[in-house]
Structures are given as structure tokens and as C-alpha cells.
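Q:
There are 2 protein chains.
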Amino acid sequence: MVNKQLNIGIIGLGTVGSGVVETLEKKNNYFKKKYNLEINILGISAKSKNKKRAFTVKKYKWYNNPLDIIDVKNIHVIVELIAGSSGMALKIANKTLKGKKHLVTANKALLAVHGEKLSELAKKNSVNICFEAAVAGAIPIINVLENRMLSDNISNIYGILNGTCNYILSQMSEKKISFNTALKNAQNAGFAEADPYDDISGNDTAYKLVLLTNLIFSTNFKSKHVYLEGITKISNIDLEMGHKLGYTILLLGISNIKNKIIQLRVHPCMVSKNSLLAKVKNELNSVVLEGDMVGKTLLIGKGAGKKPTAASVISDIISFENYKQRKLEYKKEKNLSFIGGNINERKGKFYLRIGVLDKPGVLADITSFFKRQKISISNMFQLEKKISGYVQLIFVTHNILERQLISTIKKIEKLDKVKTKVNVIRIENSI
Amino acid sequence: MVNKQLNIGIIGLGTVGSGVVETLEKKNNYFKKKYNLEINILGISAKSKNKKRAFTVKKYKWYNNPLDIIDVKNIHVIVELIAGSSGMALKIANKTLKGKKHLVTANKALLAVHGEKLSELAKKNSVNICFEAAVAGAIPIINVLENRMLSDNISNIYGILNGTCNYILSQMSEKKISFNTALKNAQNAGFAEADPYDDISGNDTAYKLVLLTNLIFSTNFKSKHVYLEGITKISNIDLEMGHKLGYTILLLGISNIKNKIIQLRVHPCMVSKNSLLAKVKNELNSVVLEGDMVGKTLLIGKGAGKKPTAASVISDIISFENYKQRKLEYKKEKNLSFIGGNINERKGKFYLRIGVLDKPGVLADITSFFKRQKISISNMFQLEKKISGYVQLIFVTHNILERQLISTIKKIEKLDKVKTKVNVIRIENSI
Chain A
19 MVNKQLNIGI IGLGTVGSGV VETLEKKNNY FKKKYNLEIN ILGISAKSKN
69 KKRAFTVKKY KWYNNPLDII DVKNIHVIVE LIAGSSGMAL KIANKTLKGK
119 KHLVTANKAL LAVHGEKLSE LAKKNSVNIC FEAAVAGAIP IINVLENRML
169 SDNISNIYGI LNGTCNYILS QMSEKKISFN TALKNAQNAG FAEADPYDDI
219 SGNDTAYKLV LLTNLIFSTN FKSKHVYLEG ITKISNIDLE MGHKLGYTIL
269 LLGISNIKNK IIQLRVHPCM VSKNSLLAKV KNELNSVVLE GDMVGKTLLI
319 GKGAGKKPTA ASVISDIISF ENYKQRKLEY KKEKNLSFIG GNINERKGKF
369 YLRIGVLDKP GVLADITSFF KRQKISISNM FQLEKKISGY VQLIFVTHNI
419 LERQLISTIK KIEKLDKVKT KVNVIRIENS I
Chain B
19 MVNKQLNIGI IGLGTVGSGV VETLEKKNNY FKKKYNLEIN ILGISAKSKN
69 KKRAFTVKKY KWYNNPLDII DVKNIHVIVE LIAGSSGMAL KIANKTLKGK
119 KHLVTANKAL LAVHGEKLSE LAKKNSVNIC FEAAVAGAIP IINVLENRML
169 SDNISNIYGI LNGTCNYILS QMSEKKISFN TALKNAQNAG FAEADPYDDI
219 SGNDTAYKLV LLTNLIFSTN FKSKHVYLEG ITKISNIDLE MGHKLGYTIL
269 LLGISNIKNK IIQLRVHPCM VSKNSLLAKV KNELNSVVLE GDMVGKTLLI
319 GKGAGKKPTA ASVISDIISF ENYKQRKLEY KKEKNLSFIG GNINERKGKF
369 YLRIGVLDKP GVLADITSFF KRQKISISNM FQLEKKISGY VQLIFVTHNI
419 LERQLISTIK KIEKLDKVKT KVNVIRIENS I
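Going line by line, the protein sequences match chains A and B. With our numbering, the residue at position 203 of the first sequence is 221, and numbering never jumps. With our numbering, the residue at position 125 of the second sequence is 143, and numbering never jumps.
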């Protein structure tokens, strides 16, 4: 006999939503036995009722208007698995919380934009928002941040938070294929959307970084506070040169905290190829948390996909039954003592690649700028092959302030013999 | 103003216990601000009052008899940080739970031996036992298992659960130093106890593996169900040969589950040197969980030490306030449908090293035994240098049943020309 009943409504039946329904169907008996819990789907809704799905839609009560599901009296939890930072997703969230129902969502965009207001609304109505599936798929990072490292002052977060980008960079590096071929492969393998913009631009990583950062510091940062660079400018030559220098190139989301200043940034990084993060290949995601008590803790797992993401959604659902009293009220709602940092204040090493005319004196011209700006160079070499007819010069700097480098680069780019923009990749040595 | 008060008593003031007191002193204001929570230490106890400690013992009420702390009426949580699977530790646990107080402990031996009875006692008295610090130090594995992967059928657990062993093996491998030198270094670096028996024998790993396995499957396995081999038989030559074959040697705790049969084992393993686990070096710990939904999820972090372990204890303490209603009752108390497997039924590859006389025919004699038992060999070579005067033969098998190998080895060891025991290391290819 099962003592506990949990009634849910599911809105959005794409990959993840269907995965949740299929898993609940398949594992219903397992949950009854293991958790003494029966999870009932009292309503479903999605854009198209007739789309082909792996479960029988007819078995469930269908709502054309998703907002109507929230009115079903005995539903405890609304599972929102549609996309978008506003519009219907926001309407659903607002109505769910005002209706005193718990919200489970995988919608990082929604939370990155409206997280603070929705949190307040949830608190006011004594319900919760759970969003494990919104960041890094199956990696239990939200749960760990809510329940562990509670005595730590967290100083750094590093994350490989986008499987598409990681897959593309891994494949480009291992198979020596172009960005476009790698992207196509990723799409064929189901690791990239037909429209990959949000992934390869770094936007998706920025949303997730914002969620993690706000969760840890009770701040209210938005995507606009994140310094953002995608992976489209990474070429095989940079991957190859990075490798030669001992580095792997990853797209990381990073929050560094120092003296209450938080620097949020998403950009390609060169990290030591011997670091653990450099071993996180293809569609895998990873998050590193660094605190004054635990040092570095690393989590690695599947960042996307039907089953891994559905697993996080379902863990959130089951947790409601176990922790009906679950409250996040210990988190301060707003923390004004942290301010956003400017990327120009980052201090670190840089990799630079410059395309120049094959003429004498060009190296002397460039290095004289470095000398004048007191930028010391730890490594310099010239590629054997030219690219688009230009000689490629590679420089690796010692630790310098970013603004110091940027102003110098502007001057270098104005030189007649310098024919390309300077390709800059930040080196992260502390990972 | 702080709304919430949590009163605790701390028993055991060694490295971890002192770390907890020091951290609570240092971070008291942080907790007030962040969690709206004041943690008060109402009593402390340890073997020796006069031992030099980094905090002022006099500031706290001292109890010569630790059991007396439990009688203090307004204490909510007893933090037990002494060692031992029975004796005083067991008395403290029993009295705490019967007194309807929550228990936080790092005592893996106690829980591995008496876990089931203590769980029942806790449930009966509506209190909880928290033991994040008992397994893998700062790695939040207990929390993850209690709260995440709830829809997964977990099929495999692999763990580097003992920092001492991992440190010794890493150092032997990287610095080409002997076991004894590496052990001494570990002791000097604070990563090994003066008496390292529990660590290097694999006992400590077995305790932790038992805790993880029982937590996942609601089983009641004890250490005696764990197949156990320590690391003392690992020599530099095996590390070197492993490396040559593409493997790193790690001491792993492993639970494999198949058809409701759980095989618990702790022994040195050869794993691919390209695997993520092989990159977990020195005192770091790691746990890999494999489930049908999430695939493999890996956690890596500091497995021991004052601050990392104290961090887990304090997260447990703070969680009590956040989750006063926290109940683990959804876990079945006993699960009789899982039975322990026998190591003889393991199927896998093996590395074998055999010391033989430098005489013709010896290789033919040995390989004829393999042939007769249908053990196929994927790799065979002879070391250039002799060890203790004997030629060293290295064999790598294809996948075979362990019992098949063992019976063959017994026959081989009886050969006149075979002068040493066959050194067997299991190869784990699925990690």
C-alpha cells in the first residue's frame, strides 16, 4: 500500500517533458516500492497535441491552454518544461506560485531574468521553485549548493556548462575538423540544436552561470552583467598551438570573487591540459566550486539529453514529498554587498595570435609596443605555415591586467604590417 | 536579530572536532547573517582536557564523561567525532538517539557495523543521523545519494575513498619511490596516520563502500561481505608495467549490481590512464555513480583533512535547522532482494606477474596451463631486469571468470620453475 500521493501537471512535452512522462510510466512501481510514493500526472499540455511522441498522449488529460492545468485543485506541483525567458513560461510560473503550487522548471533563461521576483513570489506563497535540471543536466549542482558547502566562503566557480560547445571544441581538437564540421556532427549526434546560436554564442552558459552565482551569493545578477564571448572565433590553429603550449581550450563560465567583487565571465579559456577540467570531453559538463573550507570540489556528468535531464526533474519532484517543509528562507533575498567586476580588471596570462605581412621589422615593431606597456612575454613563436597569406605570430604573456593588454592591442592593430585582428584567448592557470 | 538557535554538544576534539569548534568560532557572524542562525556549543568532551588545542577549551563547558553532554536538556544535536565501531562511540550514538537528539557523526566504522540498528533507533525516536563526513571528506556524496538520482537504478559505484592509499600510489608512480618511502612521505605530509593499517589494508575503504551501498540499496551489508585486498602488495614494477600497458593502478571500492546481486570489493585496480578517475591524484578522493538515467556522474574533492571534513560536519549541522522535518523514511529499512556476490564470479581482464627461473621451457609450461583452461592472453612480455634473481613474466588476459583464473594460478604456482606467488591485479575496463 502506498501512503503518499503526489499530483503533478506537466507543461511542455519536448525531449525533456516526454522523458519525464516516459520515466514516470516506466518506474511507477519502483517509486511506490522505494519511496512509498505514487506520482500521478493529472494534466499535460504542449504546443501540439498531435506530434508523434513515445508515450500515449490519450492516457492523460490534455489541456490546450497550459494555464488551465494550474487550476486543477489537487495538483501539488507544476512541471514547466517549455522555453523562453518570458511570455507563456513567465505566465505559468507566476500563476503556479500565486496558486500556492510548487514549481519545477528546467528554464534557465526564465530564472536568469526573473529569478529574484519569482523567488519572492514563492516565499510569499510558501511554495518552492526547484530547478536542478536548469543547470548542467544530471549534475546535482543545485542540490549541492543548497545543502552542502554551507560553511564555505566560495571564491570561485568554474563550469563547463554547455555540452554543445564542449562537444564542438573536443571534436575540433581531437579530429582536427573545422568548427562548421564539428557543429554539423554535434547536430547529427543530437548534441546541438538546429539553431545553435544560444549555445555557441555563450548565452546559454551565461544564463547558467548567473543562476549558480545568484544562488551562492544571494545576488541578483543578470546576463547583462556577464562578460560574454562565444566559441565561433576559435580556430584549429589555436587549438593546435594551445596544445603545443600545454593547454586545452574550453568554453568556461567563471565567477571569481575577491573583496566582494564578483567577476562573471563566459569565454574560451586555455587551461592546462593536465587539469581535471581538460579531461571533461565532448558532451560532458562539469562544475568546480572552490571554497575556503573544502578547497576545490568537482562534479562531472551528462549536461543534457533526455534521460539525464528528466532524472534531475524527477529528483526535484520526489524531493517535494520528502521535504514538504523545504524552505530556502535562510538565503537572504538580496545581497547588495557584492558588486559586479569588470573584465578589464582581470589579471592573467594571455595567448595572442596575430596575422602579419612577411616583412622584416614587424616583430620588432610589435614587441616594442609590449615593452613600452611593460607587458612581458613568456613565449613567442612564428607558425611555419601562413594563414590567408599572412605570417602568424603567437605570443604568450606573463600575468597582466586586461585593460593594459587591450590598449596595447589597439595600437598594434593599427600597424600597417599587421593585417588581422589580434586573436586573444585568456589563459586560466588556477584551474 | 537572529531567529534561530541551534544548540550542539561536541564529543571528540581531535583534528576534525577541533576544526569544527574553530570554524564555528570564526564563522559565527557569517552564519548569523547568511542563515539567520546561531549555533551554540553547549558542551564539549574529549579524552584529554589538557591537550594543546588551537581554540580555548575554557570557553566551553567541559564534560569528563561524554555521555553527560547528551543529558543537557536544550541540546538539539550531538556531534560525535571519536573513533571506533563500538565502545564509547556506540554508547554515545544509542544514548543520543534514545534521548531524541539528532546525531552527526564522521564515524564510518560505527555506521558500517551498527548502521541498521542505529537507523531504526533514529526512526523510532523521530530524529536523524547525518554522516556526510564519514565518506570521502568534503565530497557531498551522502547528500547527493539522499536527494538526487532518485529515479535512477544505480548499477555501479566506484570510489577512490582513501586519500592515504591514493597518495601512496600516486607518489610511488610519479616519483618512482618505494611503498615504504611513499608511506613515510604520506605520514610526514599528514595524509597518513602513525598506524596506517586501517588505510593500507583497505579496511577504511571497505567501511565507506558499505555505507554507500547500504544507503543506495537499503541493504544491510557489513564489512565482512566485502572482498578485500590492500595496497601493500603493489610494487613499483607493477606501476611501471601498468603504465606501459596504458593503465594507472588505484585502490578502488566497487559495488557492481547485476540481477539483484551486488558484488562489493576493495582491491587495487588497473584503470585506463586516460580515464577521469586516473587523473584523481594524491590525497584527492572521488566517487563515480552510474545509473540508468544519468549515466556516469563523478564527484572529486578532498577526502580528508581538518577543514574539508569539518565543512561536511557543519553542513550537516546547519541542515538540521533548515530541514527540521527531514526524514529518511522513504528508504526501506531492509532490502532482502539484493544478495552479495562472490568475487569468484567477477568476469574481467587480469594483469599477472610471475617470477620464474631463467630456464628454457618455463614460458611454454605456463602458457600450456592457460591454453588448457581456455584463458586467452592478450599481451605477454618478459621484463629485461630480474627481480630477486627471478625472471619476471607479465601476462594480460582477455575477459575471464575469476574462479577460472584462480584455479589455473594454483596449478602454475606448483611448477618447479615458478618461484614466486603470481601477482594478480584486476583490470577494470568500464571505468
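Cβ atoms here follow ideal geometry from the backbone N, Cα and C, with glycine treated the same way.
#1: Assuming contact is defined by CB atoms lying nearer than 8 angstroms, are N303(B) and K367(B) in contact in what I supplied?
#2: Report the residue ranges of all beta strand (DSSP E) runs contained in full by the region 107 to 133 of chain B; include only those spanning at least 3 residues, in chain order.
#3: Compute the minimum distance between the beta carbon of I249(A) and the heavy atoms of the ligand PLP, and state whether it is under 7 angstroms.
#4: Since I believe K226(B) is in contact with L179(B) (beta carbons under 8 angstroms), could you give me their beta-carbon distance rounded to a whole number of angstroms?
#5: Along chain B, in chain order, which residues have C-beta atoms closer than 8 angstroms to that of G319(A)?
#6: Check each residue of the region 165 to 197 of chain A: if its Cβ is closer than 9 angstroms to any Cβ of chain B, include it; give the result in chain order.
#7: Helix, strand or coil for Y81(A) per DSSP?
#8: At a CB-CB cut-off below 7 angstroms, which residues of chain D make contact with K297(A)?
#9: Pull out every residue of the region 41 to 73 of chain B whose Cβ sits closer than 8 angstroms to any Cβ of chain A, in chain order.
#10: How close, in whole Å, do the beta carbons of Y369(A) and I443(A) come, if the pair is a contact with beta carbons under 8 angstroms?
#11: Roughly how many angstroms separate the alpha carbons of I372(A) and V440(A), rounded to a whole number?
#12: Measuring CA to CA, which of N274(A), N171(A), E164(A), E98(A) is closest to K119(A)?
#13: Return the first residue and the last residue of the alpha helix (DSSP H) that R421(A) is part of.
#14: Within 10 angstroms of its Cβ, does T415(A) collect 16 or more other Cβ (buried), or is it exposed?
#15: Any C-beta of chain A sitting closer than 8 angstroms to the C-beta of K325(B)?
#16: Does S337(A) have its Cβ less than 8 angstroms from a Cβ in chain B?
#17: Can you find a C-beta in chain A that's less than 8 angstroms from the C-beta of A328(B)?
#18: Just mark N447(A) as buried or exposed, buried being the case when its beta carbon has 16 or more other beta carbons within 10 Å.
#19: Am I right that T123(B) and M311(A) are in contact with their C-beta atoms under 8 angstroms? What's the rounded C-beta distance?
#20: Does chain B have any CB closer than 8 angstroms to the CB of I26(A)?
#21: In the structure shown, what three-state DSSP assignment does S241(A) receive?
#22: Indicate whether at least one CB of chain A lies closer than 8 angstroms to the CB of N161(B).
#23: Taking the alpha carbon of L375(A) as the point to measure from, which residue in I87(A), K403(A), K251(A), V409(A) has its own alpha carbon closest?
#24: How many Å lie between K404(A) and P378(A) at the Cα?
#25: Using a beta-carbon distance below 8 angstroms, is A154(B) in contact with chain A?
#26: Using a cut-off of 7 angstroms between C-beta atoms, extract the partners of P158(A) located in chain B.
#27: Does any C-beta atom of chain B lie closer than 8 angstroms to the C-beta of S448(A)?
#28: DSSP state of V20(A), grouped into three classes?
#29: Residues of chain A with CB under 7 angstroms from I471(B), in chain order?
#30: Can you name the start and end residues of the beta strand (DSSP E) that F149(B) belongs to?
#31: Identify whether G208(A) lies in helix, strand or coil by the three-state DSSP scheme.
#32: What are the start and end residues of the alpha helix (DSSP H) that includes S386(B)?
#33: Have a look at T223(A), N165(A), I280(A), N171(A) and flag the residue whose alpha-carbon is nearest the alpha-carbon of T182(A).
#34: Here's the rule: buried if 16 or more other CB atoms are within 10 angstroms of the residue's CB, otherwise exposed. What is R166(B)?
#35: With DSSP as the reference, please indicate the residues paired to N319(B) in a beta bridge.
A: Reading off the structure:
#1: no
#2: 120 to 123
#3: Ligands displayed in this structure: none; no statement on the ligand PLP is therefore possible.
#4: 4 angstroms
#5: V312, G313, K314, T315, L316
#6: N165, R166, M167, L168, S169, D170, N171
#7: coil
#8: Absent from the structure is chain D; the protein chains it does hold are A and B.
#9: T41, K45, Y48, F49, K51, K52, Y53, N54, L55
#10: 4 angstroms
#11: 5 angstroms
#12: E98(A)
#13: 420 to 431
#14: buried
#15: yes
#16: yes
#17: yes
#18: exposed
#19: That belief does not hold up - the Cβ atoms of T123(B) and M311(A) are roughly 19 angstroms apart, past 8 angstroms.
#20: no
#21: helix
#22: yes
#23: V409(A)
#24: 15 angstroms
#25: no
#26: V162, R166
#27: no
#28: coil
#29: Since the first residue shown for chain B is 19 and the last is 449, residue 471(B) is missing from the structure and cannot be characterised.
#30: Careful: F149(B) lies outside any beta strand (DSSP E) and carries neither H nor E.
#31: coil
#32: 380 to 390
#33: T223(A)
#34: buried
#35: Contrary to the premise, residue 319(B) reads as Gly rather than Asn in this sequence. Note: G319(B) sits in a beta bridge opposite N303(B).
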